[in-house]
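Student: For the sequence shown, the numbering used here assigns the number 2 to the initial residue and increments by one for each residue that follows.
Quick one: structure below, then a few questions.
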Amino acid sequence: MKKIIFLLCLLSPSLFADHTPYPSEWWKPVPREEAKPWEILPQDAKFGEEVILSKRTELGIFSNFAATPFTLDEKSYASVEGFWQMMKYPDPEDKDDPRFRNDLVWKYTRAEVAQLSGFEAKEAGDATKENYKKLGITWISYQGKRMEYKGKNKEDHYKLIFRAIQAKIDQNPKTKDLLLKTGDLVLRADHIQDADAPPAYHYEEILTKIRSNLQNPKSPSKE
């Protein structure tokens, strides 16, 4: 029975392909047993109404992990994830940054993390946990400004990540074209998120606002 249901799911996108302007591959089913614990699969979206920004399809380019180089505030980054995780490392623009403490060892430099992408960038951020525990801090920093990105400064962090994703879209023409190609589909993240996740974590909502601004340049959505 399960095999029959899976085959029907496999066929369903192609059955309706002639009635939607979107590629059926965006909903191509993936065997549930192949899914990662955190993963939301392409077929979990309502065909023709919403779409998962799955790393298993071309829409994975919208992930913060994707290697989509961009420049922000005159500095270059390999990915949004590299930009995000970089902020957990000692900041040369913060003269009193306690993260420069002599007894601490960091896996990378801030500049090195900026040039990472994919899970390598995520793991660079994870590698800071022990040092953060020793320091007893939870803030990150950008241009010398410290931010409690999960607390009182989450709106500032959101605006910063919005700018980074905006730069990524603006500076990668193929990515921008693909975003416009999603039309009016509801964009959904490809991973499970906590109900109380800070706004910067919802990249799918940021992309929706950026798409709306591209579609309606005279009435831009607010960050």
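Idealized CB from N, CA, C, for every residue including glycine.
Owing to the predicted nature of the structure, the values given are computational and were not obtained by experimental measurement.
Where does PHE48 sit, in a helix, a strand or coil, going by DSSP?
Tutor: Note: PHE48 maps to coil in three-state DSSP.
Student: If you count every other CB in all the chains shown that lies within 10 Å of the CB of ILE6, and 16 or more means buried, which is it?
Tutor: Only weak support is given to the placement of ILE6: the predicted model assigns it a pLDDT of 44, under 50, and the value that follows is read from those uncertain coordinates. Answer is exposed; the Cβ neighbour count stays below 16.
Student: Measure the alpha-carbon distance for ASN214 versus ASP191 and round it to whole angstroms.
Tutor: So the alpha carbons of these two residues sit roughly 23 Å apart.
Student: Counting only the same chain and skipping the five closest in sequence on each side, list residues whose C-beta sits under 8 Å from that of TYR78.
Tutor: If we look at TYR78 and ignore the five residues flanking it on each side, its Cβ neighbours are PRO70, PHE71, THR72, PHE84, MET87, ALA115, GLN116, ALA165.
Student: Between the C-alpha atoms of PRO218 and GLY184, what's the straight-line distance to the nearest angstrom?
Tutor: One C-alpha to the other measures close to 15 Å.
Student: Tell me whether ARG33 is buried or exposed, calling it buried when 16 or more other Cβ atoms sit within 10 Å of its Cβ.
Tutor: Exposed, since its Cβ has fewer than 16 Cβ neighbours within 10 Å.
Student: Please return the same chain residues whose Cβ sits closer than 6 Å to the Cβ of GLY119, not counting the five positions on each side in sequence.
Tutor: Contacts found: PHE66.
Student: Would LEU9 be called buried (16 or more neighbouring beta carbons within 10 Å of its own) or exposed?
Tutor: Here LEU9 scores only 49 on pLDDT, less than 50, and its place in the model should not be relied on; the value that follows carries that caveat. Classification for LEU9: exposed.
Student: Helix, strand or coil: which one does DSSP assign to THR209?
Tutor: THR209: helix per DSSP, three-state reduction.
Student: Span of the alpha helix (DSSP H) holding VAL81?
Tutor: Note, VAL81: alpha helix (DSSP H), 81–87.
Student: In the DSSP assignment, the beta strand (DSSP E) including LEU188 goes from what residue to what residue?
Tutor: Counting along the chain, the beta strand (DSSP E) containing LEU188 begins and ends at 187–189.
Student: What are the boundary residues of the alpha helix (DSSP H) that includes ARG164?
Tutor: Here the alpha helix (DSSP H) through ARG164 covers 155–172.
Student: Evaluate the contact criterion for the segment 157–176 versus the segment 125–137: three or more CB pairs, one atom per stretch, below 8 Å.
Tutor: With a cut-off of 8 Å, the segment 125–137 and the segment 157–176 do not count as touching, because too few Cβ pairs lie within range.
Student: Going by DSSP in three states, LEU42 sits in which element: helix, strand or coil?
Tutor: Coil.
Student: According to DSSP, simplified to helix, strand and coil, what is TYR133?
Tutor: Helix.
Student: Whose C-beta lies closer than 7 Å to the C-beta of GLU40 among residues of the same chain, with five residues either side of it excluded?
Tutor: Excluding sequence neighbours, GLU40 sits near ASP191, HIS192.
Student: Buried or exposed, going by whether 16 or more other CB atoms sit within 10 Å of the CB of PHE48?
Tutor: It counts as buried.
Student: What distance in whole Å lies between the Cβ atoms of LEU179 and VAL52, which are believed to be in contact at a cut-off of 8 Å?
Tutor: That belief does not hold up - the Cβ atoms of VAL52 and LEU179 are roughly 11 Å apart, past 8 Å.
Student: Please check the pair LEU136 and PRO99, which I expect to be a contact at CB under 8 Å, by giving their CB distance rounded to whole angstroms.
Tutor: That pair is a contact at about 6 Å.
Student: Just curious, the beta strand (DSSP E) that LYS76 is in, first and last residue?
Tutor: Looking at the DSSP string, the run of the beta strand (DSSP E) that includes LYS76 is 76–78.
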